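To start, the structure itself, in structure tokens.
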Amino acid sequence: MSTHTATTPLAGKHAIVTGASRGIGAAIAAALAADGVCVSLLGRDAGNLRRVSDGLNGGNRAFPIVADMTDAASLQNAFAAARGRFGAVHLLVNNAGQAASAKFTDTDEALWNRLIAVNLTGTFLATRHAVPDMLAEGFGRIVNIASTAGLRGAPYISAYASSKHAVIGLTRSLALEYATRNITVNALCPGFVDTDIVKEAIANIKRKTGRSDSEALAALVASNPQRRLVEPREVADAVMWLCRPGSESVTGQNIVLAGGEVT
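Be aware that the sequence shown starts at 0, since it is given in numbering that gives the first Met the number 0, and climbs by one per residue.
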């Protein structure tokens, strides 16, 4: 272990990151591990989880756990396994999520229920498992990865926007409930991030409109005043700031990472 890692304020803490097999979740896990945090990686893709875990200091500070965010029993087992490996949970990053677009009249119950289950209920279940540890430890940091869609609506994403609005409501409520217990709860609200989900969105635009890659990308970033995608590392850096000392008074906040798109 390097001297830097050994002396970081978060060294030895235990974090659980959901949706950690790729994209934003993998970037967050890497940033935490680099600070000496022991990271339990939750996700559905065993192969990708193992790849991410192996890349974090040879896996010495990372533990991959296959879990279904919509299944209470699966999450209970996952948290038990995480505690068995690294002890009490100090940090929780609720990153797992799904996105889908459809006209409201084409949004059936299956689509609605799926997005609510993953984006909202999964966040609720994971947090419910983590909070008792944080109360017992006298320390906790919870960061929910929401979206600019959680702050304002948009056409064709009624189910997704509703789920993310609800995550922000949960964030605000929990922040107030645990304000005197040294547990902070915040939400990060990125715009479009350079991840596989955005690559799928670009492919969908190309398929439906016949636009080129550059034209499809331009359509996505048009609402961002910086005219670019947010990088996963930028989200990870914001998570680290909220978890490290110096941000104790920041709780119940919805922090936008979108180049000035939402003010």
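Glycine included, each C-beta is placed from N, C-alpha and C at the ideal position. Computed from a predicted model, the values in this text were never measured in an experiment.
Buried/exposed call for residue i, threshold 16 Cβ in 10 Å
i, result
"residue 175", "exposed"
"residue 2", "For residue 2, the predicted model reports a pLDDT of 38, less than 50, meaning its position is unreliable; a value from the coordinates is still stated below. Its Cβ having fewer than 16 others within 10 Å, residue 2 is exposed."
"residue 275", "As displayed, the chain neither begins before 0 nor continues past 262, which places residue 275 out of reach and without an answer."
"residue 34", "buried"
"residue 14", "buried"
"residue 103", "exposed"
"residue 179", "exposed"
"residue 248", "exposed"
Reference residue i; option with closest CA among the options
i, options, result
"residue 125", "106, 40 and 35", "40"
"residue 228", "20, 114 and 259", "259"
"residue 132", "123, 154 and 88", "88"
"residue 8", "241, 257, 206 and 256", "241"
Straight-line gap, residue i to residue j (C-alpha atoms, nearest Å)
i, j, result
"residue 109", "residue 120", "15 Å"
"residue 188", "residue 148", "8 Å"
"residue 106", "residue 79", "36 Å"
"residue 252", "residue 246", "11 Å"
"residue 0", "residue 36", "Bear in mind that the predicted position of residue 0 carries a pLDDT of just 35, short of 50, making it too unreliable to give a figure here."
"residue 220", "residue 116", "28 Å"
"residue 156", "residue 113", "13 Å"
"residue 60", "residue 243", "18 Å"
"residue 168", "residue 118", "13 Å"
"residue 55", "residue 46", "15 Å"
Where the alpha helix (DSSP H) containing residue i begins and where it ends
i, result
"residue 42", "Element bounds for residue 42: not the alpha helix (DSSP H) but the beta strand (DSSP E), 37-42."
"residue 164", "157-176"
"residue 208", "195-208"
Host beta strand (DSSP E) of residue i (start-end)
i, result
"residue 143", "139-144"
"residue 65", "61-65"
"residue 122", "Taken as a continuous stretch (DSSP letters only), residue 122 belongs to no beta strand (DSSP E), being part of the alpha helix (DSSP H) at 121-136."
"residue 92", "90-93"
"residue 15", "13-17"
"residue 9", "Where residue 9 is concerned, there is no enclosing beta strand (DSSP E), given that its DSSP letter is neither H nor E."
Inspect the CB distances between the region 125-143 and the region 90-100 and report whether three or more fall short of 8 Å. Yes, they touch.
For the structure I just gave you, are there three or more beta carbon pairs, one from the region 162-174 and one from the region 212-221, closer than 8 Å? No, because fewer than three Cβ pairs between the region 162-174 and the region 212-221 fall closer than 8 Å, the two stretches do not touch.
Could you say if the region 221-240 and the region 189-202 meet the contact criterion of at least three C-beta pairs nearer than 8 Å? The region 221-240 is in contact with the region 189-202.
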